[in-house]
Structure formats: structure tokens, C-alpha cells
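Each residue of the sequence shown is one higher than the last, beginning at 5 in our numbering. All residues carry an ideal CB built from backbone N, CA and C; glycine is no exception. Down below is the structure, laid out as C-alpha cells.
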Amino acid sequence: MFTSARLAGGHGRGILRIVLIAGIAGWLLLNPGARGPAFAAGEMSQDQLDQRIHDYILAHPEVLVQALQSLDERQRQAEAAEARKVLKARAADIFHDEQSPVGGNAQGNVTLVEFFDYNCPYCRMMAPIMEQAVADDPQLRIVYKEFPILGPDSVFAVKAALAADKQGKYGAFHRALYAAKTRVTEAVVLKTAAEAGLDVERMKADMRQPDIQASIDRNTELAQALRITGTPGFVAGDQIYPGATDLATLKTFVNQARAGK
Numbered sequence: 005m006f007t008s009a010r011l012a013g014g015h016g017r018g019i020l021r022i023v024l025i026a027g028i029a030g031w032l033l034l035n036p037g038a039r040g041p042a043f044a045a046g047e048m049s050q051d052q053l054d055q056r057i058h059d060y061i062l063a064h065p066e067v068l069v070q071a072l073q074s075l076d077e078r079q080r081q082a083e084a085a086e087a088r089k090v091l092k093a094r095a096a097d098i099f100h101d102e103q104s105p106v107g108g109n110a111q112g113n114v115t116l117v118e119f120f121d122y123n124c125p126y127c128r129m130m131a132p133i134m135e136q137a138v139a140d141d142p143q144l145r146i147v148y149k150e151f152p153i154l155g156p157d158s159v160f161a162v163k164a165a166l167a168a169d170k171q172g173k174y175g176a177f178h179r180a181l182y183a184a185k186t187r188v189t190e191a192v193v194l195k196t197a198a199e200a201g202l203d204v205e206r207m208k209a210d211m212r213q214p215d216i217q218a219s220i221d222r223n224t225e226l227a228q229a230l231r232i233t234g235t236p237g238f239v240a241g242d243q244i245y246p247g248a249t250d251l252a253t254l255k256t257f258v259n260q261a262r263a264g265k
């Protein structure tokens, strides 16, 4: 999965780790057994305390490892719970945004949402898997969330794709961009558009329309709210699946959503 540094939560976890280490220091201060009998309250200098903390962590590294693992797990659970709240509150924006192109069976009984970037190699790897999933499941509805996180080329590509949708040729253009098997630059986009039969001049004009940028901004805001920090990212039912996967796993994810699990 390709990630965007501006969306990732690493900075917050780094701060939490600092807080955790400070907490260990405080615990040593409050627990004479951990410090040892020679270090009663008020008898340690700062240098002695620093050395004692250092020695304790070296002697018991598993305590720090376990604490960090517990911290990460709690953070993941908190983020997942928050994402589920967003899924419920923003269901219309996620599953039924009129500006988001739809593939598969538009009237299907289960919806799979994909956040993607045309220059993400993992998204390109998923393209034939998505096509096969649609071919194998006549009730599968796909919602495409253009999510350009890999630079200006990606932004140009998604604007072109959304403009292609205005000409009724989103699906063909979408598949053609992934079939390019090279970085999707502005030149590649324009060449692909012409080969796909689009009115390129109309496409260029439509790319400048405010609703195109608004759709991208809305997708980016949704991804942030759902804690989707990279591509591809999938949503079905009340679950989020980050990253690329195989066809069998994708089908299981979809069928669980269909069953309401």
C-alpha cells in the first residue's frame, strides 16, 4: 500500500511513545522495588535517576516492548472505532455520492468502495482483480473514489478520469489508464484519452470545472476521516480493508458485507 506522509499518523504515535517512556520514568519513581533499596524517595539525583531508568529498561526490555505493543493496539482499536462512526454518519457520501463513478451492477445488493491512485503500483495490481470480482459477482456494485496522493501527475489523471465520466466513458478510460503500464503522466493521460475515443478538448475544459476539484477534495477528506492513509483502500458494509489483496480475500470481504457481518 502506498501512503501519503501528510495523511499518516506516525507523528501522533511518536508523541505517545515519548509519553509512555515518561510514564515508565514516573513508575520507577513511585515504585521503590523497581529502583532498589539504595534509592529512597528524594535521595536520587537526576543523573542517578536517568541511569537507573536506563539500567532498568536494559534489564527488562520486554516491559517496554509489551507496553509499546499495547499502546499500538489501543491506538488501532480507537482509530477503528472512530472510522466505524464515520462509516455510519457519512454513509451517503461514501456509498452514494453522485460525483463518484459507479461500476459493476449499479443496482447490486452490495457495494465495494475503492480509494485509489492511478500511479499506485498496488492499485494497478488490483485492477484486474477488481474486474474479475465484478465478472464473478453480478450483484456487485463498485464505487470509485479518486484519491490522488502521489503527486501532480496523479491529480491530472484523476481530473481527466472524472471529466471522462461526463462523456459516459469513465470505465473505458479507467481501464486504459491502468493498461498503460507506465507512470501516468499528463502526456500519457492525453494520449490515452484520444485512444479511448474521448473528446480531448472537452475533457480539458471539464477538468477545470469546480465540481471536479470538489469531488477530489471530498474524497481526500473522507479518506482522512476513515483513517485511510494510502492506496488502495477498500470499504464495504461497516468494514475497511487497507491495501492490496488477492481475489479470494476480496470476495470474502465483499460477502461478509453482504451478509451484514
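Query                                                                                                      : Result
Contact set for I216: own chain, Cβ-Cβ below 6 Å, skip 5 residues either direction                         : K163, L166
Cα-Cα separation between Q111 and V147, rounded to whole angstroms                                         : 12 Å
Simplified DSSP state of T233, which is helix, strand or coil                                              : coil
Reduced DSSP secondary structure (H/G/I, E/B, other) of F119                                               : strand
Beta-carbon proximity of A87 to A229, cut-off 9 Å                                                          : yes
Where Q260 falls: helix, strand or coil (DSSP)                                                             : helix
Identity of the residues DSSP links to P246 by a beta bridge                                               : G237
E77 - DSSP class collapsed to helix/strand/coil                                                            : helix
Touching by the beta-carbon criterion (3+ pairs, under 8 Å), the stretch 203-212 and the stretch 90-99     : no
Three-state class that DSSP yields for G175 in the structure shown                                         : helix
Bounding residues of the beta strand (DSSP E) (the contiguous stretch that carries R94)                    : Taken as a continuous stretch (DSSP letters only), R94 belongs to no beta strand (DSSP E), as it is neither H nor E.
Stretch-stretch touch, CB-based, cutoff 8 Å, three pairs: the stretch 137-145 with the stretch 182-201     : no
Exposed unless 16 or more other CB atoms sit within 10 angstroms - verdict on V69                          : exposed
Environment of H58 [buried if 16+ CB atoms lie within 10 Å]                                                : exposed
For E205, three-class secondary structure by DSSP                                                          : helix
Endpoints, beta strand (DSSP E) assigned at E102                                                           : Neither: E102 is in no beta strand (DSSP E) and is coded neither H nor E.
Whether F151 touches I61 by CB criterion (9 Å)                                                             : no
Inter-residue Cα distance where the pair is G13 and N223                                                   : Residue confidence for G13 is low, a pLDDT of 47 falling below 50, so the modelled location carries little weight; the figure read from the coordinates is stated next. Roughly 18 Å between the two C-alpha positions.
Outcome for D76 when other beta-carbon atoms lying within 10 angstroms are tallied against a minimum of 16 : exposed
Selected residue, minimal CA-CA separation from A176, among Q55, Q79, V114, V106                           : V106
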